[in-house]
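Counting from 1, one number per residue, gives the positions in the sequence shown under full-length UniProt numbering. Just so you know, even glycine gets a beta-carbon here, dropped at the ideal spot from N, CA and C.
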Amino acid sequence: MTTPDQSKGDRSRDEVLAGEYVLGVLGANERASVEERLRHDRPFAAMVRRWERNLSSIDQGYGAERKRSPQVRPRFDEPAGLPADLSLSGFAASLWNSLSLWRSLALAGFAALAAFAAAGAGLWPFRVPEDALLAELTSPNEALGLSARYDRATGRIRLSPATNRDAAPKSLELWLLEGGDQALSLGVLPAEGGADVLVPAKLREKVVEKAVLAVSVEPYGGSLTGKMTGPVVAKGVIHGRP
């Protein structure tokens, strides 16, 4: 746990402390110290606001489930004198009372905080690129697209499959096309990160030169029937190295 005295003046440690404050995991003394600091430290207060904004979009998906778990300790009384936009009566109160949100953030949230702490201490060369550029690449009918992130420091562009945000969630599924209309599913492309697909063992002997691969848009998680049901958005013939 990062203490206010340890973090002051260290941006990476301040990020950890701001996240711990918003998530409500600080002890009573540490929380009181942070709230005192928020009254006069504008850069640190901005970090807290950013954490609240980033997490508020997640909390919106749990609006119907606000019952507090008996295993979660009550939050501390809200101190007087905090800026209005840092009040616990709105966002933070609903965040604290959301049982489903706490379950989903329990591992991911603390893993992220641990990464920030390790980076700040020089224990792990992890850095969130502040100058990363983002883009959303979409097809003409907006059935699918790609999320692109460019890291100026490394010159690397990371592409991830994405679907129309206004539509129902979809998945991209990879198929091996045989004669006629027969298509054999090779797997669903991951929604996040790299697009590696592990071909089922029984189909590997069919992945040969001149076989045809195709990618279609299917219901989230893949076709429910085992057959291609959505539009084909990419297609190509397998060949050896030139």
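message: Going by DSSP in three states, K206 sits in which element: helix, strand or coil?
response: On the sequence shown, position 206 is the one that residue 206 refers to. The answer is helix: DSSP assigns K206 an H, G or I state.
query: Of the choices A45, L177, H40, whose alpha-carbon is the least far from that of V22?
result: For the purposes of this step, residue 22 is taken as residue 22 along the sequence shown, with counting starting at 1. Nearest option by C-alpha distance: A45.
task: Classify V197 as helix, strand or coil using the three-state DSSP reduction.
output: Translated into the one-based positions of the sequence shown, residue 197 becomes position 197. In the structure shown, V197 sits in coil (DSSP, three-state: anything other than H, G, I, E or B).
field: Residues near K210 in its chain [Cβ-Cβ closer than 8 Å; skip 5 each side]
entry: Translated into positions along the sequence shown, residue 210 becomes position 210. For K210, where only same-chain residues beyond five positions count, the Cβ hits under 8 Å are V237, I238, H239.
message: By the three-class DSSP mapping on this structure, what secondary structure does S223 have?
response: Counting from 1 along the sequence shown, the entry for residue 223 is found at position 223. Here DSSP, grouped into helix, strand and coil, assigns S223 to coil.
Status (buried if at least 16 other CB within 10 Å, exposed otherwise) for G19: Against the sequence shown, residue 19 aligns to sequence position 19. Buried, because 16 or more other Cβ atoms sit within 10 Å of the Cβ of G19.
Nearest neighbour of L184, chosen from V233, R42, K170, M228 [CA to CA]: Your numbering for residue 184 matches position 184 in the sequence shown. When each option's Cα is compared against that of L184, the closest is M228.
query: Quick one: what's got a C-beta closer than 8 Å to G226's C-beta in the same chain, skipping five residues either side?
result: In the sequence shown, residue 226 corresponds to position 226, counting from 1. Within the same chain, G226 has close Cβ partners S185.
- prompt: So A234 and V215 are in contact, right, with Cβ under 8 Å, and what is the actual spacing, rounded?
  reply: For the purposes of this step, residue 234 is taken as residue 234 along the sequence shown, with counting starting at 1. For the purposes of this step, residue 215 is taken as residue 215 along the sequence shown, with counting starting at 1. Their Cβ separation, rounded to whole angstroms, is 4 Å, which keeps A234 and V215 in contact under 8 Å.
- prompt: Quick one: what does DSSP say E36 is sitting in, helix, strand or coil?
  reply: Here residue 36 refers to the residue found at position 36 of the sequence shown. If DSSP states are grouped into helix, strand and coil, E36 belongs with the helices.
- request: Compute the Euclidean distance between the alpha carbons of E178 and P190, then round it to the nearest angstrom.
  value: The count along the sequence shown starts at 1 and reaches residue 178 at position 178. The count along the sequence shown starts at 1 and reaches residue 190 at position 190. Roughly 24 Å between the two C-alpha positions.
- prompt: With DSSP run on the structure shown, which of helix, strand or coil describes A211?
  reply: Residue 211 sits at position 211 when you count from the first residue of the sequence shown. Of the three classes helix, strand and coil, the one that applies to A211 here is coil, per DSSP.
task: Drop a sphere of 10 angstroms on the beta-carbon of V212, count the other beta-carbons inside from all chains shown, and report buried for 16 or more, exposed for fewer.
output: Position 212 of the sequence shown, counted from the first residue, corresponds to residue 212. By the neighbour-count rule (16 or more Cβ atoms within 10 Å), V212 is not buried but exposed.
query: In the structure shown, what three-state DSSP assignment does G19 receive?
result: Against the sequence shown, residue 19 aligns to sequence position 19. Here G19 carries a helix assignment [DSSP, helix/strand/coil].
query: Quick one: what's G236 bridged to in DSSP?
result: Your numbering for residue 236 matches position 236 in the sequence shown. Its beta-bridge partners are L213.
field: Any C-beta of chain D under 7 Å from that of P169
entry: Checking the listed chains, one finds no chain D in this structure; it contains a single protein chain.
task: Would you list the residues sitting across from L176 in a DSSP beta bridge?
output: Here residue 176 refers to the residue found at position 176 of the sequence shown. BP columns for L176 point to L184, L213.
- prompt: Got a sec? Which residues, its chain only, sit under 6 Å from G230 by beta carbon, not counting five neighbours each side?
  reply: Locating residue 230 in the sequence shown gives position 230, counting from the first residue. Excluding positions up to five away in sequence, the list reads S216, V217, E218.
message: For L95 and R50, I'd like the C-alpha separation in whole angstroms.
response: In the sequence shown, counting from the first residue as 1, residue 95 sits at position 95. In the sequence shown, counting from the first residue as 1, residue 50 sits at position 50. No answer about L95 holds up, because its pLDDT of 46 lies below 50 and its placement is not dependable.
- prompt: Under the DSSP definition of a beta bridge, which residues are partnered with E218?
  reply: Within the sequence shown, the letter at position 218 stands for residue 218. In DSSP, E218 forms a bridge with S171.
query: So, helix, strand or coil for M228, using DSSP?
result: Numbered from 1 along the sequence shown, position 228 holds the residue referred to as residue 228. Residue state, collapsed to three classes: coil.
Simplified DSSP state of D14, which is helix, strand or coil: Looking up residue 14 in the sequence shown gives position 14. Helix at D14.
query: When DSSP labels each residue in this structure, what does P43 get in the three-state scheme?
result: Here residue 43 corresponds to residue number 43 of the sequence shown, with the count starting at 1. In this structure, P43 counts as helix in the three-state DSSP scheme.
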